[in-house]
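Student:
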Amino acid sequence: MIRVLLVDDQALMRAGFRALLDAEDDLEVVGEATDGTSAVQLSRRLRPDVVLMDVQMPGLDGIEATRRIAADPDLAAVRVLILTNYGLDSYVFAALRAGASGFLLKDADPADLLQAVAVVARGDALLAPAVTRTLISEFVAGPPPAEPAAGREVLTAREQEIVELVARGLGNDEIALRMVISPLTAKTHVNRAMAKLHCRDRAQLVVWAYESGLITPRRR
1 MIRVLLVDDQ ALMRAGFRAL LDAEDDLEVV GEATDGTSAV QLSRRLRPDV
51 VLMDVQMPGL DGIEATRRIA ADPDLAAVRV LILTNYGLDS YVFAALRAGA
101 SGFLLKDADP ADLLQAVAVV ARGDALLAPA VTRTLISEFV AGPPPAEPAA
151 GREVLTAREQ EIVELVARGL GNDEIALRMV ISPLTAKTHV NRAMAKLHCR
201 DRAQLVVWAY ESGLITPRRR
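Per full-length UniProt numbering, the very first residue in the sequence shown carries number 1; after that it's consecutive.
#1: Who are the near neighbours of Ala176 in its chain, counting only those whose CB is closer than 8 Å to its CB and skipping five residues on each side?
#2: So, Gly62 versus Ala11, is the Cβ gap smaller than 8 Å?
#3: Between which two residues does the beta strand (DSSP E) harbouring Ala33 extend?
#4: Looking at the structure shown, is Thr156 part of a helix, part of a strand, or coil, going by DSSP?
#5: So, do the segment 70-86 and the segment 42-60 have three or more beta carbon pairs nearer to each other than 8 Å?
#6: Spell out a yes or no on whether the segment 14-25 and the segment 42-49 are touching, meaning 3 or more CB-CB pairs, one atom from each, closer than 8 Å.
#7: Could you give the DSSP three-state label for Arg68: helix, strand or coil?
#8: Once you ignore the five residues that flank Cys199 on each side, which residues in its own chain have a CB closer than 7 Å to its CB?
#9: With DSSP as the reference, identify every bridge partner of Leu46, one or two as the case may be.
#10: For Ala19, I'd like the list of residues in its chain whose CB is within less than 8 Å of its CB, leaving aside the five on either flank, ordered along the chain.
#11: Write down the C-beta distance between Gly102 and Val120 rounded to the nearest angstrom, noting that I regard them as a contact closer than 8 Å.
#12: Give me, in chain order, the residues of the same chain whose beta-carbon lies closer than 8 Å to that of Ile69; leave out the 5 immediate sequence neighbours on both sides.
#13: Could you have a look at Gly102 and say whether DSSP puts it in helix, strand or coil?
#14: May I ask which residues mark the beginning and end of the alpha helix (DSSP H) holding Val117?
#15: For Arg152 and Ser212, which I take to be in contact (beta-carbon distance under 8 Å), what is that distance rounded to the nearest angstrom?
#16: Which residue or residues does DSSP assign as beta-bridge partners of Val163?
#17: Which same chain residues, not among the five before or five after Gly36, have their C-beta less than 7 Å away from its C-beta?
#18: List the DSSP bridge partners of Asp201.
#19: In this structure, does DSSP put Val206 in helix, strand or coil?
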């Protein structure tokens, strides 16, 4: 059973999501929150598997709420899936930096929402390689970080190469072909890099690769 916390300041939106999720045998809505503050509080009390988090809300917004959830060691198993009306915009990138495991448009098909919850619940990032490439194009458009993120010294040369390929938008199969290794070995390298860098998923690994200066974006 996947336990879900709904966070949205619009009652109609929450009702729609609840009806969809509760109709599934393996999903359970365990709570609802109308702002970021209550989202953090309920996450600590209910320990959901997935938080469906709106971005723009009164008071504490979804980005700061995501940051607080991701930073809490007691909530390490809680995954945040960002819901947005705006697609690939600055809100989404800020949320990924804050620790979100992925994002979904509010007008997505019901089947896509259900799949997204399942993907995030099992610990994967909701970022297909094609989406990662779009993220990269947006990172390129922004200014570089004032201070590079730390951590490169903990990676082996092979792991740095693997992380660079992830940040370029390659999936495990593509990495395996490029490096002449098996997809399982590629996945193992990716997982080890995430563990060393304390990245929750591939989304965070992409952010780290650019903010650490491991790779330099190709300016448009």
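No residue lacks a Cβ here, since even glycine has one placed at the ideal position from N, Cα and C.
Owing to the predicted nature of the structure, the values given are computational and were not obtained by experimental measurement.
Tutor: Walking through what the data contain:
#1: One-based indexing of the sequence shown puts residue 176 at position 176. The answer, listed in chain order, is Ser182, Pro183, Thr185 and Ala186.
#2: What you label residue 62 is simply residue 62 of the sequence shown in a count that begins at 1. What you label residue 11 is simply residue 11 of the sequence shown in a count that begins at 1. Their beta carbons are not under 8 Å apart, which means Gly62 does not touch Ala11 by this criterion.
#3: On the sequence shown, position 33 is the one that residue 33 refers to. For Ala33, the enclosing beta strand (DSSP E) stretches over residues Leu27 to Ala33.
#4: As a working note, residue 156 is residue 156 in the sequence shown. DSSP places Thr156 in coil when its eight states are reduced to three.
#5: Yes, the segment 70-86 is in contact with the segment 42-60.
#6: no
#7: Within the sequence shown, the letter at position 68 stands for residue 68. The answer is helix: DSSP assigns Arg68 an H, G or I state.
#8: Residue 199 sits at position 199 when you count from the first residue of the sequence shown. Leu205 and Trp208.
#9: If you number the sequence shown from 1, residue 46 lands on position 46. DSSP output for Leu46 lists no bridge partner at all.
#10: Translated into the one-based positions of the sequence shown, residue 19 becomes position 19. Correct list: empty, nothing qualifies.
#11: As a first step, residue 102 is located in the sequence shown; it is residue number 102 there, counting from the start. As a first step, residue 120 is located in the sequence shown; it is residue number 120 there, counting from the start. The pair is a contact, with the Cβ atoms about 6 Å apart (cut-off 8 Å).
#12: For the purposes of this step, residue 69 is taken as residue 69 along the sequence shown, with counting starting at 1. Answer for Ile69: Ala39, Val40, Ser43, Val51, Leu75, Val78, Val80 and Gly99, listed in chain order.
#13: As a first step, residue 102 is located in the sequence shown; it is residue number 102 there, counting from the start. In this structure, Gly102 counts as strand in the three-state DSSP scheme.
#14: Counted from its first residue, the sequence shown places residue 117 at position 117. Unbroken alpha helix (DSSP H) run through Val117: Pro110 to Ala121.
#15: Reading the sequence shown from its first residue, position 152 is the one you call residue 152. Reading the sequence shown from its first residue, position 212 is the one you call residue 212. Contact holds; Cβ gap of about 6 Å.
#16: On the sequence shown, residue 163 is found 163 positions in, with the first residue counted as 1. The partner list for Val163 (beta bridge, DSSP) is empty, contrary to what the question assumes.
#17: Mapped onto the sequence shown, residue 36 falls at position 36. Counting only Cβ-Cβ distances below 7 Å, and skipping sequence neighbours, we find Met57, Gly59, Leu60, Asp61, Gly62, Glu64 and Ala65.
#18: Stepping through the sequence shown from its first residue, residue 201 is reached at position 201. In DSSP, Asp201 forms no bridge with anything.
#19: Taking the first residue of the sequence shown as 1, we reach residue 206 at position 206. It is helical.
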